[in-house]
Amino acid sequence: MLGTILAPLFSKYLIANYAGQWMSFTGEPFSSRLQRFILRSWWWRNGLVMVYGGGSNQPRQVVPIFASTMTAKQVQRGSAAAEKKQLTFPVQILFVGRLVPAKGVDVLLKAASTLLKQNISFEVSIVGDGHDRPRLETMAKQLDLEKNVHFVGPLPYAEVMSWYEKAHVLVLPTKSEGFPKVLVEAMCFGIVCIATDTGLIPWMLKGRGFVFPYGGVETLVAHLRCIMEDPTIIQRLSKDGNTWAQGYSIEGVREVLSRLFLERWNYSFMKDEDKGRLDK
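Just so it is clear: in the sequence shown, position 101 is 101 by the UniProt record's numbering, and no numbers are missing.
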């Protein structure tokens, strides 16, 4: 917060990357609202505020942007996996992220418990770590999910690719998000994504995934059942999701930022041999 206030005093080139949900939401902390007010104000008029989904009527300095952690080579690997994706049993359900209450993993566990009672063959793999992990592991035991739910723990990004290759469905039951990179990564690998209707998620998954309200266990179960009962859904959404996600690579982000810096400040960080790509 202090940096947001003081930065315009020290630099001509002001850049703020607002990684959370830019649009206001119920239960949002006061500190987030205050920071957004400052970034939208006259005080930041000469800067760039990069946000995930800016909405309408935003000041000039607020610029919608996307993020990526995938290289072009990893995108190609994802496309190869997507071509082979088809429904098999047990259905592989994946969560990738921090294990904290706001991510809503307990909602996924409750949905898994319902599927178990309905005698559906599935496995849930939870990749990631956090202070909520002990509580979630206890909850999984109490719900008799020890054979169906596996806590993988934290993994290097390169190893997460292997889990994307195996998964059929990714569930993101989070309370709030901006532009969740995990959805882009999963769709690139042909995974059908189910996530809460917050931030840019409805736009990201429109026509190529499913959304549900935060805490909506019954709706999540219904979406999972829909996917498991119709093999053509995975085939169709796997292809559609991969096609959309191919445009979101690190190289793509770099080119977008290069164009933006040239337009605003006549500044380029591209190498001479790369500049020609911007004109294509």
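Ideal Cβ positions, reconstructed from N, Cα and C, are used throughout, including at glycine.
State the start and end residues of the unbroken beta strand (DSSP E) segment that holds residue i.
i, result
"A82", "No beta strand (DSSP E) contains A82, which is instead part of the alpha helix (DSSP H) from 72-84."
"I5", "Segment 2-6 is the alpha helix (DSSP H) holding I5; no beta strand (DSSP E) there."
"residue 308", "Given a span of 1 to 280 for the chain in the structure shown, any question on residue 308 remains unanswerable."
"E231", "Sequence check: residue 231 is Pro here, not Glu. P231 -> not in any beta strand (DSSP E); alpha helix (DSSP H) instead, spanning 231-245."
"P64", "62-64"
Would you kindly report the start and end of the unbroken alpha helix (DSSP H) that includes residue i?
i, result
"A158", "157-166"
"M50", "It is not in any alpha helix (DSSP H) - M50 instead sits in the beta strand (DSSP E) that spans 48-51."
"N57", "First-last for N57: undefined, no H or E at that position."
"H150", "Unbroken run through H150 is the beta strand (DSSP E), 149-153; no alpha helix (DSSP H)."
"I250", "250-265"
"A195", "A195 -> not in any alpha helix (DSSP H); beta strand (DSSP E) instead, spanning 192-196."
"L115", "105-117"
"S31", "30-40"
"K141", "133-142"
"P202", "201-205"
Quick one: residues in its chain with C-beta nearer than 7 Å to the C-beta of residue i, no 5 flanking neighbours on either side, listed in chain order?
i, result
"K166", "Q92"
"L99", "V105, G128, D129, G130, D132, R133, L136"
"I5", "I38"
"Y13", "W265"
"V211", "A195, T196, D197, I201, P202, L205"
"R236", "none"
"G90", "In the sequence as presented, Gly is not what sits at residue 90; that position holds Pro. Only S121, F122, E123 meet the Cβ criterion."
"V75", "C188, Q246, S249"
"M35", "Inspection of the sequence shows that residue 35 is occupied by Gln rather than by Met. Correct list, in chain order: M1, T4."
What does DSSP give as the partner residues of residue i in its beta bridges?
i, result
"A16", "V49"
"F210", "I194"
"V96", "V127"
"V169", "I93, V192"
Rounded to the nearest angstrom, how far is the Cβ of residue i from that of residue j, given a contact under 8 Å?
i, j, result
"S258", "T71", "Actually they are not in contact, since the Cβ atoms of S258 and T71 sit about 17 Å apart, beyond 8 Å."
"V152", "I126", "6 Å"
"V182", "L108", "So it is not a contact: roughly 14 Å between Cβ atoms."
"L145", "L116", "7 Å"
"V63", "Y18", "Actually they do not touch by this definition, with Cβ atoms about 10 Å apart."
"G178", "G20", "5 Å"
"V192", "I234", "6 Å"
If you drop the 5 nearest sequence neighbours on each side, which residues of the same chain put their C-beta closer than 6 Å to that of residue i?
i, result
"G276", "Any reading at G276 must be qualified, since the residue scores a pLDDT of 46, below 50, and its modelled position is unreliable; the value itself is stated next. For G276, where only same-chain residues beyond five positions count, there are no Cβ hits under 6 Å."
"Q86", "none"
"I15", "L48"
"G241", "M187, R208"
"W44", "Q61"
"I223", "The displayed chain sequence assigns His, not Ile, to residue 223. The residues are I194, F210."
"A102", "K175"
"H150", "S125"
"E229", "none"
So, are the CB atoms of residue i and residue j less than 8 Å apart?
i, j, result
"V217", "I194", "no"
"G78", "C188", "yes"
"S113", "L94", "no"
"Y164", "A81", "yes"
"V253", "V160", "no"
"residue 360", "R33", "There is simply no residue 360 to check, as the chain begins at 1 and stops at 280 in what is shown."
Leaving out the 5 sequence neighbours to the left and right, which residues in its chain are closer than 8 Å to residue i when beta-carbon positions are compared?
i, result
"P213", "T196, D197, T219"
"S268", "S258, F261, L262, K275"
"K239", "A82, G190"
"T69", "Y157, K181, E185, I250"
"V221", "A111, T114, L115"
"E273", "Low confidence applies here, because E273 scores a pLDDT of 49, under 50, leaving its location unreliable; read the following figure in that light. Result list for E273: empty, nothing under 8 Å."
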